[in-house]
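Residue numbers (numbering that gives the first Met the number 0), protein chains in the order written: chain A, 0 to 73; chain B, 0 to 373. Here a beta-carbon is modelled for each residue, glycine too, at the ideal position from N, C-alpha and C. All remarks here apply to the structure that follows.
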Amino acid sequence: MRLALDVRMTIDDAFVMLGRDYPAIRQRVLDDQNNIRRHVNVFVNGENVRFMQGGLTQVSNDSEVWIYPALSGG
Amino acid sequence: MQHANSITPQSGDLLVIVGTAKGLFIFSCDRNRREFKIAGPYFKGQAVFSTAYLPDKRAPRILVGNMSMHWGALVSWSDDFGASWHEPEDGNVKFPAGSGLTLNAVWALEPAPLVGSDVVFAGADPAALYRSEDRGETFRPIESLLNHPERPYWMPGAGGLCLHTILPDPRDPKRILVGISSAGMYRSDDGGESWTRRNKGVKMEGGPPHAPHFGPQCAHKMRYDAKNPARIYLQNHPGVYRSDDGGDSWIDIHEGLPSEFGFPLVAHPSRGDTAYLIPLESDNFRVPLEGAVKVWRTRDAGASWEPLGKGLPQRDCYFSVLRDAFTSDSLDPAGLYFGTRGGQLFASRDEGESWNSIADWLPAVLCLKAVEVS
């Protein structure tokens with residue numbers, strides 16, 4: 000899916016913005032404080048945000064974002 | 000056992016709703032309670048920490064507190080006995096923005112018909128109480144407990160900082176008692192506007208005797224007596240107690256039990272002075288004593304206890320039963336049911352005198368409810 004961004008913003012804010020039309024996605028990616036859930040990996044342009052600025056990682060209109068469940072469970 | 004993708008119970012049938020670490024199962028049977036059908040698993044791969052049943056002639060509802068390790072926790076529901084489920088798009092149990100807290104799991108779901116016909120309370124991890132006015136579809140936090148001044152002293156147990164037991168008073172719609180691991184018990188007498196701790200007389204573990212009655216308090220499960228609405232039984236960590244004043248004070252009733260440690264407690268649904276426990280060896284070794292499973296019963300409000308084990312494993316048995324994985328139905332004679340962390344499900348049709356296994360290979364059982372379809 001495509002999310003049109005007029006300005007650069009953090010990935011956390013992008014998910015909040017996405018949540019206006021897709022609340023189910025936001026609910027499942029972000030916790031109650033709008034932080035990326037512990038067992039969710041988010042990649043921006045191929046890089047895991049855990050190893051960047053976390054939820055403060057910047058995204059722009061041409062950023063590619065992937066959401067993966069972490070390899071956890073039992 | 001017959002397996003079905005969905006069930007169509009008749010009025011008077013029994014449902015045993017089983018939440019496990021990997022989904023929800025619904026067992027159904029007629030009032031004879033001899034042959035069970037199993038339906039499920041629903042919510043595959045999700046842990047189901049709590050369930051509730053809202054009887055309604057038009058639309059009986061099964062509520063579920065389900066949790067995906069990846070995607071978070073919700074309260075979901077079915078109005079057709081599991082044929083379909085409503086899982087809200089947006090979370091319906093949420094911590095307020097700025098609180099710094101996020102929902103781990105919904106540990107308790109408790110209808111409160113005396114408070115309101117559509118009222119359901121939910122208990123959360125981290126410890127918080129929520130109230131629904133629409134049969135569990137949406138919830139709001141009870142801010143007075145969320146922001147309690149003693150909250151900084153509450154400590155998580157091994158399972159988290161969980162509000163696991165909600166006891167609406169059977170007489171007074173404004174009174175409610177909750178149990179928190181590890182904070183002990185708190186009660187509101189004004190409909191949730193304010194809360195005071197109710198641990199007087201409960202031995203505190205992990206702290207000096209002169210310490211105040213909060214901090215490392217850990218109520219495991221409380222239940223009202225069926226006949227005496229002021230009487231409550233408590234399985235604590237450790238200790239077994241009884242209150243005869245609605246929780247104002249507690250007396251020790253563990254004398255006669257092989258161990259003070261355990262998790263679940265069930266009060267007989269209709270017989271007063273009667274309750275059941277499943278003691279474990281100790282805090283450090285949480286297994287049946289000497290490898291033999293026994294359910295212990297009191298019929299005199301804790302003055303004495305008797306072991307019941309016919310049909311239960313009596314050697315080399317090392318499973319445990321979690322605090323919400325032991326329940327009763329409301330039939331006469333009462334049926335009892337417990338599920339284990341090893342995935343077994345046991346049932347008794349005769350108030351605990353004898354037991355048989357009705358399932359052997361479920362995922363770890365987290366919670367049980369036995370309800371009669373009206």
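(message) Can you give me the C-alpha to C-alpha distance between Gly115(B) and Glu132(B), rounded to a whole angstrom?
(response) Start at 1 with the first residue of the second sequence, and residue 115(B) comes out as number 116. Start at 1 with the first residue of the second sequence, and residue 132(B) comes out as number 133. Those two C-alpha atoms are separated by around 8 Å.
(request) Report the residue ranges of all beta strand (DSSP E) runs contained in full by the stretch 200–261 of chain B; include only those spanning at least 3 residues, in chain order. (result) 218–223, 231–235, 239–242
(request) Say whether chain B places a C-beta atom closer than 8 Å to the C-beta of Asp11(A). (result) Numbered from its first residue, the first sequence carries residue 11(A) at position 12. So, not an interface residue.
(message) Run through chain A and tell me which residues come within less than 8 Å of His236(B), C-beta to C-beta.
(response) By 1-based counting over the second sequence, the position of residue 236(B) is 237. Chain A residues near His236(B): none, gap ~25 Å exceeds 8 Å.
(message) Residues in the same chain with beta-carbon distance under 8 Å from Leu160(B), minus the five sequence neighbours each way, listed in chain order, please.
(response) Residue 160(B) sits at position 161 when you count from the first residue of the second sequence. Closer than 8 Å at Cβ, skipping near neighbours: Asp124, Pro125, Ala126, Trp153, Met154, Ile179, Ser180, Ser181, Ala182.
(request) For Val39(A), go through chain B and note every residue whose CB falls closer than 7 Å to its CB, in chain order. (result) Here the question's residue 39(A) lines up with position 40 in the first sequence. Correct list: His69.
(message) Using C-beta distances below 6 Å, list every residue in its chain close to Pro228(B), excluding the 5 sequence neighbours before and after it, in chain order.
(response) Locating residue 228(B) in the second sequence gives position 229, counting from the first residue. Answer for Pro228(B): Pro169, Arg170, listed in chain order.
(request) Using a cut-off of 7 Å between C-beta atoms, extract the partners of Lys93(B) located in chain A. (result) On the second sequence, position 94 is the one that residue 93(B) refers to. Neighbours of Lys93(B) on chain A, chain order: Asp31.
(message) Just verifying my parser: in three-state terms, what is the DSSP assignment at Asp31(A)?
(response) Looking up residue 31(A) in the first sequence gives position 32. The answer is coil: DSSP assigns Asp31(A) none of H, G, I, E or B.
(message) I need the straight-line Cα distance from Val370(B) to Tyr67(A), nearest angstrom please.
(response) On the second sequence, residue 370(B) is found 371 positions in, with the first residue counted as 1. On the first sequence, residue 67(A) is found 68 positions in, with the first residue counted as 1. Cα-Cα distance, rounded: 39 Å.
(request) Pull up the distance between the alpha-carbon of Arg186(B) and that of Gln216(B), whole angstroms please. (result) Position 187 of the second sequence holds residue 186(B). Position 217 of the second sequence holds residue 216(B). Going from the Cα of Arg186(B) to the Cα of Gln216(B) covers about 15 Å.
(request) Under 8 Å between beta-carbons, which chain A residues line up against Ala96(B)? List them in chain order, please. (result) What you label residue 96(B) is simply residue 97 of the second sequence in a count that begins at 1. By Cβ distance, chain A contributes Asp31, Gln32, Asn33.
(request) Look at the Cβ atom of Thr19(B), then the Cβ atom of Ala266(B), and state whether they are nearer than 8 Å. (result) Here residue 19(B) is taken as the residue at index 20 of the second sequence, counted from 1. Here residue 266(B) is taken as the residue at index 267 of the second sequence, counted from 1. It is not a contact, given that the beta carbons lie outside the stated cut-off.
(message) DSSP three-state label for Val317(B), please.
(response) On the second sequence, residue 317(B) is found 318 positions in, with the first residue counted as 1. Residue identity differs from the one stated: residue 317(B) is Tyr in this sequence, not Val. DSSP places Tyr317(B) in coil when its eight states are reduced to three.
(message) Rounding to the nearest angstrom, what Cα-Cα distance links Leu14(B) and His69(B) in this structure?
(response) By one-based count along the second sequence, residue 14(B) stands at place 15. By one-based count along the second sequence, residue 69(B) stands at place 70. When rounded, the distance between both Cα atoms is 30 Å.
(message) I'd like to know whether the C-beta of Gln26(A) is nearer than 8 Å to at least one C-beta of chain B.
(response) Within the first sequence, the letter at position 27 stands for residue 26(A). With 8 Å as the cut-off, Gln26(A) counts as an interface residue toward chain B.
(message) Val74(B) and Val92(B) - do their beta-carbons sit closer together than 8 Å?
(response) Position 93 of the second sequence, counting from 1, holds the residue named residue 92(B). Position 75 of the second sequence, counting from 1, holds the residue named residue 74(B). Contact flag set, yes.
(request) Any chance you could list the beta strand (DSSP E) runs of at least 3 consecutive residues sitting entirely within the stretch 136–190 of chain B, in chain order? (result) 161–167, 175–180, 183–187
(request) Under 8 Å by Cβ, that's how I've got Ala107(B) and Gly97(B) pegged, so tell me the actual separation to the nearest angstrom. (result) Here residue 107(B) is taken as the residue at index 108 of the second sequence, counted from 1. Here residue 97(B) is taken as the residue at index 98 of the second sequence, counted from 1. In fact, because the Cβ distance is near 25 Å, the residues do not count as touching under 8 Å.
(request) Could you name the residues of the same chain whose beta carbon sits closer than 6 Å to that of Val294(B), not counting the 5 residues immediately before and after it, in chain order? (result) Here the question's residue 294(B) lines up with position 295 in the second sequence. Hits under 6 Å: Tyr275, Ile277, Leu307, Gly351.
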